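If you're matching them up, the sequences are chains P and U in order.
With the first letter of the first sequence counted as 1, position 168 gets the number 167 in numbering that gives the first Met the number 0; the numbers rise by one all the way through.
With the first letter of the second sequence counted as 1, position 16 gets the number 15 in numbering that gives the first Met the number 0; the numbers rise by one all the way through.
Worksheet for the structure shown next.
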Amino acid sequence: MSDAPAILVRDVRKTYSGGFEAVRGVSFEVQRGEFFGLLGPNGAGKSSLMRMLYNKSVRTSGLIEVLGFDPLKNELEIKFLSGIVPQDDNLDVDLDVVANLQVYARFYGLGTRATRARIEELLDFLELGEKKKAKIRELSGGMRRRLIIARALLNDPKLLILDEPTTGLDPQVRHLIWDKLRLLKKQGLTLMLTTHYMEEAFQLCDRLAILDHGAAVLEGRPIDLVKGHIEAYVLEIIQREASAALTYAGPVRRETIQDRVLFFSNSAAELEAIAAGLNPGDFYLRQSNLEDVFLKTTGRSIHD
Amino acid sequence: MTEITKFSVPVPSLARRLGSVWWRHVRVYSSSLFSNAIPPFLEPLIFLAGIGLGLGRYIVSMDGLPYIQFLAVGLVLTSAMYTASFENTFGTFIRLEFDKVYDGMQAASLTAENLMWGELLFTATKGACFAGAVLIILSCFGLITTPWMLVGVPLGFVTAAMFGAIAMLVTSAVSNINHFNFYFTLFISPLFFFSGVVFPLSQLPDGLRWVAALLPLTHPVELMRTAAGGHTVFGPVFNLVYLAVFIPVVGTLAVKRMRKRLVS
Numbered sequence: 000m001s002d003a004p005a006i007l008v009r010d011v012r013k014t015y016s017g018g019f020e021a022v023r024g025v026s027f028e029v030q031r032g033e034f035f036g037l038l039g040p041n042g043a044g045k046s047s048l049m050r051m052l053y054n055k056s057v058r059t060s061g062l063i064e065v066l067g068f069d070p071l072k073n074e075l076e077i078k079f080l081s082g083i084v085p086q087d088d089n090l091d092v093d094l095d096v097v098a099n100l101q102v103y104a105r106f107y108g109l110g111t112r113a114t115r116a117r118i119e120e121l122l123d124f125l126e127l128g129e130k131k132k133a134k135i136r137e138l139s140g141g142m143r144r145r146l147i148i149a150r151a152l153l154n155d156p157k158l159l160i161l162d163e164p165t166t167g168l169d170p171q172v173r174h175l176i177w178d179k180l181r182l183l184k185k186q187g188l189t190l191m192l193t194t195h196y197m198e199e200a201f202q203l204c205d206r207l208a209i210l211d212h213g214a215a216v217l218e219g220r221p222i223d224l225v226k227g228h229i230e231a232y233v234l235e236i237i238q239r240e241a242s243a244a245l246t247y248a249g250p251v252r253r254e255t256i257q258d259r260v261l262f263f264s265n266s267a268a269e270l271e272a273i274a275a276g277l278n279p280g281d282f283y284l285r286q287s288n289l290e291d292v293f294l295k296t297t298g299r300s301i302h303d
Numbered sequence: 000m001t002e003i004t005k006f007s008v009p010v011p012s013l014a015r016r017l018g019s020v021w022w023r024h025v026r027v028y029s030s031s032l033f034s035n036a037i038p039p040f041l042e043p044l045i046f047l048a049g050i051g052l053g054l055g056r057y058i059v060s061m062d063g064l065p066y067i068q069f070l071a072v073g074l075v076l077t078s079a080m081y082t083a084s085f086e087n088t089f090g091t092f093i094r095l096e097f098d099k100v101y102d103g104m105q106a107a108s109l110t111a112e113n114l115m116w117g118e119l120l121f122t123a124t125k126g127a128c129f130a131g132a133v134l135i136i137l138s139c140f141g142l143i144t145t146p147w148m149l150v151g152v153p154l155g156f157v158t159a160a161m162f163g164a165i166a167m168l169v170t171s172a173v174s175n176i177n178h179f180n181f182y183f184t185l186f187i188s189p190l191f192f193f194s195g196v197v198f199p200l201s202q203l204p205d206g207l208r209w210v211a212a213l214l215p216l217t218h219p220v221e222l223m224r225t226a227a228g229g230h231t232v233f234g235p236v237f238n239l240v241y242l243a244v245f246i247p248v249v250g251t252l253a254v255k256r257m258r259k260r261l262v263s
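As structure tokens, this is what we get:
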């Protein structure tokens, strides 16, 4: 069990009872101690994949092993060893912060007395120490998320699975959560997350996979994906009319999106030359990023 | 390999898992103790006062007993029926669809089946407590005629387990919370009148008696009458066999169907 990867997913498919094929043959591995990210537009199959890891959803075919266990056979072992942060807030709204954690600790067979210190420690770690007696309804969205993360850490997991942990949160809370997740990784935890935020994936993940229409289309280190799959620089022209008169040649790729025109090139000089004919304020020259790679691979059309 | 590692992961035993789910419901229920603990006492109080002061003056006796005493025997269990029915229709549905409580619980080391059986265990416990509350009120009215009537507490447990299971089965098929209104109007309310609570089943025409034999509430109520020394139509053996078959069968079916809503 010790040399097996933390998560092994091989040719996994999921077809829901209505016939919808959410996941169509995805494979990846997450090594122990690694921080792995799953990106993809809505409906790409991220959450379906996450749910199949702990048998909240039953796979149609393929192989899954989490910490050496098959979720179809050893759901309880996997859940005992992993912390799971689901997408929705699902705390017990009738209980206060500490009671939420006490009740949850029992699900792992931990008694109230034994968990008192652990609860204190986790609330301090997630900076909720002053909210112990608060009702869930009194907590902000960011506090609830942090409490759900604390809840997932109660049983001292080997693996933390997070489904869109920072969706809808303000930048302060998002950065706080990022810091905490980095600390957990440093302590040796294996982490896996899904996210819509490219910045988040870029900052946190050692490796990531981009899913589209239920299949993995790209996989690698974030920095390598940006280096290997997109030109180094982007010139964005905000007004299409401004670009009408432009003439350009050379290794420059052009993309038109509604009212904007984008030029991609590995040479900043090329793009500067194009921009020279424009009014300042009509364009924006920058380094390309993971979001450019994401949009290039998954397309710009709306997926929902 | 799995055989060895299985032992190294100290997953809590089935009993502890069910117990932890039961405990979650107890904690949530007792978090608003005032509003949750008063009604089970008030309900029978109001009922008995209304019947005693009103209807009881017109109906002098039923089945050889003062009417209020006849009625009291059945009332011990109807409160268990109602509380179980609410708990596993509206309560379960809200936890499932609105509060997403089960999603949170399924992330811990519990299976979908553990969640549902643990919940039925809690419903049954609640039924026992409600029956106990009615017995306390009855004793205030001097309506506890024999200590055998304390059997009402375990019978409340059984009644609530049964109606919790039926309610859960209904919930597994319901997509709109308003549909429960049909369940209460067309199923639960008639049971109150045709299960030997308000009049003896011996008064039913022969052709209708077998219908009463099929109705679930009939059987715990008859057992309660047996305990209180009253008359019954079907007798305790039939009652016990009915309960021993009905509860596991409907409970298993309900948990199975609910699993389909909890695991996609």
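Built from N, CA and C at the ideal position, the CB exists for glycine as well.
Note that the structure is a prediction, hence the values are computed from the model and not measured.
Using the rule of at least 16 other Cβ atoms within 10 Å of the residue's Cβ for burial, across every protein chain shown, is residue i buried or exposed?
{"i": "residue 234 of chain U", "result": "exposed"}
{"i": "residue 139 of chain U", "result": "exposed"}
{"i": "residue 68 of chain U", "result": "buried"}
{"i": "residue 167 of chain P", "result": "exposed"}
{"i": "residue 132 of chain P", "result": "exposed"}
{"i": "residue 175 of chain U", "result": "exposed"}
{"i": "residue 222 of chain P", "result": "exposed"}
{"i": "residue 202 of chain U", "result": "exposed"}
{"i": "residue 204 of chain U", "result": "exposed"}
{"i": "residue 276 of chain P", "result": "exposed"}
{"i": "residue 247 of chain U", "result": "exposed"}
{"i": "residue 57 of chain U", "result": "exposed"}
{"i": "residue 22 of chain P", "result": "buried"}
{"i": "residue 221 of chain U", "result": "buried"}
{"i": "residue 46 of chain P", "result": "buried"}
{"i": "residue 7 of chain U", "result": "exposed"}
{"i": "residue 289 of chain P", "result": "buried"}
{"i": "residue 0 of chain U", "result": "Bear in mind that the predicted position of residue 0 of chain U carries a pLDDT of just 42, short of 50, making it unreliable; the figure below should be weighed with that in mind. Residue 0 of chain U comes out exposed."}
{"i": "residue 41 of chain U", "result": "exposed"}
Is residue i near the ligand MG, with its Cβ less than 8 Å from a heavy atom?
{"i": "residue 87 of chain P", "result": "The ligand MG is not among the ligands present in this structure, which contains no ligands whatsoever."}
Using the Cα positions of residue i and residue j, report the straight-line distance between them to the nearest angstrom.
{"i": "residue 245 of chain U", "j": "residue 259 of chain U", "result": "22 Å"}
{"i": "residue 3 of chain U", "j": "residue 31 of chain P", "result": "Low confidence applies to residue 3 of chain U: its pLDDT is 47, below 50, so where it sits in the model is not reliable enough to give any reading."}
{"i": "residue 119 of chain U", "j": "residue 128 of chain U", "result": "14 Å"}
{"i": "residue 168 of chain U", "j": "residue 105 of chain U", "result": "20 Å"}
{"i": "residue 88 of chain U", "j": "residue 13 of chain U", "result": "25 Å"}
{"i": "residue 227 of chain U", "j": "residue 170 of chain U", "result": "34 Å"}
{"i": "residue 135 of chain U", "j": "residue 182 of chain U", "result": "30 Å"}
{"i": "residue 225 of chain P", "j": "residue 160 of chain U", "result": "59 Å"}
{"i": "residue 122 of chain U", "j": "residue 20 of chain U", "result": "11 Å"}
{"i": "residue 28 of chain P", "j": "residue 122 of chain P", "result": "32 Å"}
{"i": "residue 157 of chain P", "j": "residue 78 of chain P", "result": "10 Å"}
{"i": "residue 190 of chain P", "j": "residue 66 of chain P", "result": "12 Å"}
{"i": "residue 115 of chain P", "j": "residue 97 of chain P", "result": "9 Å"}
{"i": "residue 108 of chain U", "j": "residue 291 of chain P", "result": "40 Å"}
{"i": "residue 5 of chain U", "j": "residue 23 of chain U", "result": "In this predicted model, residue 5 of chain U has a pLDDT of only 48, less than 50, meaning its place in the structure is not dependable; the value taken from the coordinates is given anyway. So the two alpha carbons sit approximately 26 Å from each other."}
{"i": "residue 0 of chain P", "j": "residue 49 of chain P", "result": "Because the pLDDT of residue 0 of chain P is 48, which lies under 50, any placement of that residue in the model is unreliable, and the question is left without a value."}
{"i": "residue 137 of chain U", "j": "residue 212 of chain U", "result": "27 Å"}
{"i": "residue 58 of chain P", "j": "residue 68 of chain P", "result": "14 Å"}
{"i": "residue 192 of chain P", "j": "residue 11 of chain P", "result": "18 Å"}
{"i": "residue 80 of chain U", "j": "residue 46 of chain U", "result": "16 Å"}
{"i": "residue 201 of chain P", "j": "residue 35 of chain P", "result": "11 Å"}
Using 8 Å for Cβ pairs, my map puts residue i next to residue j. What's the rounded Cβ distance?
{"i": "residue 195 of chain U", "j": "residue 217 of chain U", "result": "6 Å"}
{"i": "residue 173 of chain U", "j": "residue 92 of chain U", "result": "7 Å"}
{"i": "residue 237 of chain P", "j": "residue 283 of chain P", "result": "7 Å"}
{"i": "residue 90 of chain U", "j": "residue 130 of chain U", "result": "Contact flag wrong, Cβ pair sits at about 19 Å."}
{"i": "residue 163 of chain U", "j": "residue 86 of chain U", "result": "6 Å"}
{"i": "residue 60 of chain P", "j": "residue 263 of chain U", "result": "Wrong, their Cβ atoms sit about 16 Å apart, outside the cutoff."}
{"i": "residue 199 of chain U", "j": "residue 76 of chain U", "result": "No, residue 199 of chain U and residue 76 of chain U are not in contact; Cβ-Cβ is about 15 Å, not under 8 Å."}
From the DSSP output, read off the bridge partner residues of residue i.
{"i": "residue 68 of chain P", "result": "P:65"}
{"i": "residue 20 of chain P", "result": "P:14"}
{"i": "residue 290 of chain P", "result": "Paired residue(s): none; residue 290 of chain P is not in a bridge."}
{"i": "residue 283 of chain P", "result": "P:235"}
{"i": "residue 162 of chain U", "result": "The partner list for residue 162 of chain U (beta bridge, DSSP) is empty, contrary to what the question assumes."}
{"i": "residue 176 of chain U", "result": "According to DSSP, residue 176 of chain U bridges with nothing at all."}
{"i": "residue 37 of chain P", "result": "P:193 and P:208"}
{"i": "residue 84 of chain P", "result": "P:161"}
{"i": "residue 95 of chain P", "result": "P:134"}
* To do: Please list the segments of the beta strand (DSSP E) lying wholly inside the segment 131-193 of chain P, counting only runs of 3 or more residues, in order along the chain.
  => The qualifying runs are 158-162.
* Tell me the start and end of each unbroken alpha helix (DSSP H) in the segment 193-278 of chain P that is at least 4 residues and wholly inside, in chain order. => 197-203, 221-228, 239-242 and 267-274
* Enumerated in chain order, which unbroken segments of the beta strand (DSSP E) with a length of 3 residues or greater are wholly contained in the segment 202-248 of chain U? -> Runs found: none.
* Runs of alpha helix (DSSP H) wholly within the segment 103-143 of chain U (minimum 4 residues, chain order) -> Positions of the alpha helix (DSSP H) runs, each at least 4 residues long and wholly inside the segment 103-143 of chain U, are given as 111-139 in order along the chain.
* Pick out the complete beta strand (DSSP E) segments inside the segment 33-85 of chain U, 3 residues or longer, and give them in chain order. => none
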